[in-house]
Amino acid sequence: MKIAVISVLLSLGACDNSTSTDQAAQKPEAKQNETSIVGNITDERIINHDGEPNNWMSYGLGYEEQRFSPLKKINKNTIKKLGLEWHLDMGTNRAQEATPIVVDGIMFVSSAWSKVFAIKAKTGEILWQYDPDVPKDWSRRACCDAVNRGVAVYQGHVYVGTLDGRLIALDAGSGEEVWQVDTLIDRNRFYTITGAPRVAKGKVFIGNGGAEFGVRGYVTAYDAKTGKQAWRFFTVPGDPALPFEHPELELAAASWSGNEYWKFGGGGTVWNSIVYDPDFNQLYIGVGNGSPWTRAIRSPDGGDNLFLSSIVALDADSGKMNWYYQTTPGDNWDYTAVQDIALAEIEVDGEQRKVLMQAPKNGFFYVLDRSNGKLLRAHPYSLVTWATHVDLESGRPVENPDYSYLEKEKWVLPGSAGAHNWQAMSVDTEAGLVYIPTQESPLIFAIADEWKQFSSYKRNPGRWNIGLEMGRLAQLFIDNVAEQPTPGGALKAFDPLTGETKWTVRNPYYWNGGVLATSGGLVFQGDAAGMFSAYDKENGDLLWQFNTYTSMLAPPVTFQLDDTQYVSVLTGGGGADLFGGETETASTKYGNLGRLLVFKIGGNEKLPVPNAIDRIIPQQSVVVVSENIIGEGEGLYNNYCAMCHGLLARSGGSIPDLRLLTDGKHEIFSRVVLEGLLATNGMAAFDDVLSLDEVEKIHHYVRARAYEDRAVVLGNKESARLTWLSNQ
Ligand code: CA
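Numbering (my numbering), first residue to last: -10 to 717.
Now the structure itself:
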């Protein structure tokens, strides 16, 4: 059993030359049997994926994206002997979120910085790898780390969207670039691509993210062979002085009001779910939150703000809208509807219906009729306080006025991380259940006093523009800590038709991995504590567990080679978790060890047992500085730094924890921030938005945090949470 370390292979130039030569030699023979083309996945193969269950050919397994595999050699009887067969060090300590594609015995998987790997699925041998050379300082434009959720493989090509907004087609056999296009309408705005492209009908579909910074959402279809643009659908209206790009925007524009919303971009980014439905030749796009989040600032005279937080059905050939359903009219909480969409055919109220299902951030589980978008069910699948229920007649949620945060700050459930996020669920149509990685992660929502004249809100380029009181967030937590709902995570077996939860497995921490279920009677999930687990899908009983020593977010996949079934998962936590540094997750304890793990019955490979990393905060030199300066530094830190380095300067493991800086690093602090000394690591220069004086205030805040947390840790660990502020 080999362990391939990518950095070593890179330095040796050790791509598998024999394989690339073979592929190159085959290319000119155009008349060869088409199935011998590497990665020759077609629409027909994806549609008929049940006929070749050995492969995992598209993001959610089939176009239905149910992530329920019929494979069952790994089952309740054999699971005890499941062991690691091989693992690959992915050469990153950033979060990993990808779903691998497995076909022809090759695994195609993306990693941090939009890198792509083709790997022999049986052994872990790297066949080729591709680095799109994303400018490392682009990570400043990413809300949630330099992640990538996967590639698409189609007709001999591998497609990847890059963090800096390109869509690239590679030859599946050689990894050579075939074409690339710039998908961005404005490279000065903070757009990123982290989602997996989808493929169907000779086209590749891709969206993007960036709503927190202020962008306008859209999705684009490209010709799969040439990269030529086929159509583009904008999810929110643009500048009203200009003509509508397509007729649907006239309808959308009527639902927005005042405050020059188009200057903020409007949001509505399609950063995750794009699902093709062969039954209706439709594409469902999951549309994200508003920009800024607060609707009173975004659209002060009201309106639903179409097509924010909506599922929109588009004709796959033309990009014309067939119907839409808005989950959260006038989104006010970052309630994206970008979470995975699954298609199914099930009996609803005595009638066989073609439905789609989604558990968006807002806490309700939606079942819609795919033919027309009619709402069939919307039961809560987690704790929800912002609305009392969804009215099935009107299809609209009934908001709870007690949780309005216009006047005073309010804890709201779900928080901005959602009751469920992009971490995939699995749909079990036989059992009538959906296995959902859920969370209760409350957020305190508040508007700064100076913005309560809504027109006074100004967009600041280069930082989050969410319309919430970010600068005083920690103080708001402290002032309201008594009312804070307890955060937690849970894997649930949920009945979307009745709203009942059949069983619940509580996770040790709230932010966990995606889910895979199989006909072997198993539900697999990796968690923040580093445990990769298999549960009995009947009752949630824990049947098997493997310690990976790293937090997980990525959904597992399964495949079969000859007669052997495998299960695979990527490790590496982080992503959107602002609070990662507050608890002892595997990644804060051992570091974020980015790996690809592959298991089989009888596998006996061992992972090296890591040492716990030294997280003792170094002694701080005494700097006398006023509380005002520290307070100003906190506001700046929360606005510019917290989304990567964590709230309260407590990082979750994948990005450096600034409280652990040593004297040498303190000396160069302002140069790192202003001059980009560490830009090649992904720490961009901020000299366009921060002055030296402001950076010094941030530095004082970071040191105050280190000083306080060190004192608390050395003294009374139990009261560590937030003590430094309450002591002031
Ligand atoms: Ca968002």
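No residue lacks a Cβ here, since even glycine has one placed at the ideal position from N, Cα and C. Treat the numbers as computed from the prediction; the structure is a model and nothing was measured.
Near ligand 1: residue i beta-carbon under 7 Å from a heavy atom
i, result
"Asp175", "no"
DSSP bridge partner residues for residue i (one or two, in chain order)
i, result
"Asp160", "His146"
"Phe57", "Ala506"
"Gln169", "Ile157"
"Val92", "Ile95"
"Val123", "Bridge partners of Val123: none, in fact."
"His368", "Phe354"
"Ser47", "Leu50"
"Phe588", "Leu73 and Val556"
"Ser280", "Gly255"
"Glu388", "Ala376"
"Ser415", "Tyr424"
"Trp312", "Ala302"
"Val401", "Leu432"
Residue closest to residue i, alpha-carbon to alpha-carbon, out of the options
i, options, result
"His76", "Leu559, Ala601 and Ala693", "Leu559"
"Tyr446", "Trp282, Arg461 and Tyr324", "Trp282"
"Gly404", "Ala213, Asp566, Arg692 and His368", "Asp566"
"Val691", "Tyr119, Ile286 and Thr651", "Thr651"
"Lys309", "Glu594, Glu237 and Pro89", "Glu237"
"Arg187", "Asn351, Gln442 and Asp329", "Asp329"
"Val684", "Asp438, Pro289, Gly665 and Pro390", "Gly665"
"Val556", "Ala189, Phe57, Asp134 and Asp32", "Phe57"
"Met632", "Trp453, Thr427 and Asp39", "Trp453"
"Gly257", "Arg287, Glu53, Trp220 and Asp268", "Arg287"
"Tyr180", "Leu462, Gly635 and Gly451", "Gly451"
"Leu542", "Leu71, Gly154 and Gln85", "Gln85"
"His409", "Glu439, Tyr424, Pro607 and Ala420", "Tyr424"
"Ser508", "Glu458, Arg461, Thr427 and Glu419", "Glu419"
"Phe466", "Ile300, Trp400, Leu395 and Pro42", "Trp400"
"Ser383", "Gly275, Asp32, Ala158 and Thr317", "Thr317"
"Asn43", "Lys62, Leu71, Ser25 and Asn600", "Lys62"
"Ser360", "Gln347, Arg342 and Met79", "Arg342"
"Thr67", "Pro597, His689 and Ile590", "Ile590"
"Gly510", "Tyr148, Glu53, Leu60 and Gly40", "Leu60"
"Asp677", "Pro599, Leu663, Asn670 and Gln144", "Leu663"
"His38", "Gln55, Asn197 and Val27", "Gln55"
"Asp32", "Pro267, Gly291, Tyr626 and Tyr370", "Pro267"
"Val587", "Phe434, Ala376, Pro545 and Val105", "Pro545"
"Phe434", "Gly421, Ile300, Asn593 and Glu398", "Glu398"
"Asn351", "Tyr370, Leu345 and Gly339", "Tyr370"
Simplified DSSP state of residue i, which is helix, strand or coil
i, result
"Ala230", "coil"
"Ala333", "strand"
"Glu664", "helix"
"Phe521", "strand"
"Glu697", "helix"
"Leu550", "strand"
"Asn581", "coil"
"Leu542", "coil"
"Phe223", "strand"
"Tyr273", "strand"
"Ser576", "helix"
"Leu381", "coil"
"Pro597", "coil"
"Leu432", "strand"
"Ala348", "coil"
"Ile63", "coil"
"Ile195", "strand"
"Ala243", "coil"
"Thr475", "coil"
"Leu531", "strand"
"Lys190", "coil"
"Gly561", "coil"
Test item, CB below 6 Å from any non-hydrogen atom of ligand 1: Checking every Cβ against the heavy atoms of ligand 1 under 6 Å gives Ala200, Glu201, Gly277, Asn278, Asp323 and Thr325.
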